[in-house]
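The structure appears right after this line, and notes come after that.
In this note's numbering, the protein residues as written are 1297 to 1409.
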């Protein structure tokens, strides 16, 4: 697990999302609310797919992380066995899992697998 998570707010613009990924040399951000609870994940693939259809979208400039994020977050707890996490990655056909801890009101991201 990569401890520590780079996050963004749902209102973060797509250029800001891309710049944050570039700055931190990562391929995804966890989208969190003002309480730090995980709402979704936005990845380079999401940005690339949106860029491909940009010419057909009138409101591209107003789009934010909220518009492209995958939600809800697919996550595991810190105590989840590695085999179970790998099985989830395979069965859901995803590239990353957000590791979370349960807190009042939801899940707070603490790492990425």
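Yeah, the Cβ is synthetic: ideal placement off N, Cα and C, and Gly gets one too. Please read all numbers here as calculations on a predicted model, not as lab measurements.
With H, G and I counted as helix, E and B as strand and the rest as coil, what does DSSP make of residue i?
i: residue 1364; result: helix
i: residue 1307; result: coil
i: residue 1386; result: helix
i: residue 1402; result: strand
i: residue 1375; result: coil
i: residue 1325; result: strand
Taking 9 Å as the threshold (C-beta atoms), are residue j and residue i in contact?
i: residue 1313; j: residue 1335; result: no
i: residue 1330; j: residue 1305; result: yes
i: residue 1358; j: residue 1405; result: no
i: residue 1409; j: residue 1369; result: no
i: residue 1394; j: residue 1326; result: yes
i: residue 1337; j: residue 1392; result: yes
i: residue 1316; j: residue 1360; result: no
i: residue 1407; j: residue 1381; result: no
Quick check on residue i: buried or exposed, where buried means 16 or more other Cβ atoms within 10 Å of its Cβ?
i: residue 1310; result: buried
i: residue 1319; result: exposed
i: residue 1324; result: buried
i: residue 1397; result: exposed
i: residue 1257; result: In the structure as shown, the chain starts at 1297 and stops at 1409, and residue 1257 therefore has no counterpart that could be examined.
i: residue 1328; result: buried
i: residue 1378; result: exposed
I need the boundaries of the beta strand (DSSP E) containing residue i, first residue and last residue.
i: residue 1334; result: 1334–1339
i: residue 1393; result: It is not in any beta strand (DSSP E) - residue 1393 carries neither H nor E in the DSSP assignment.
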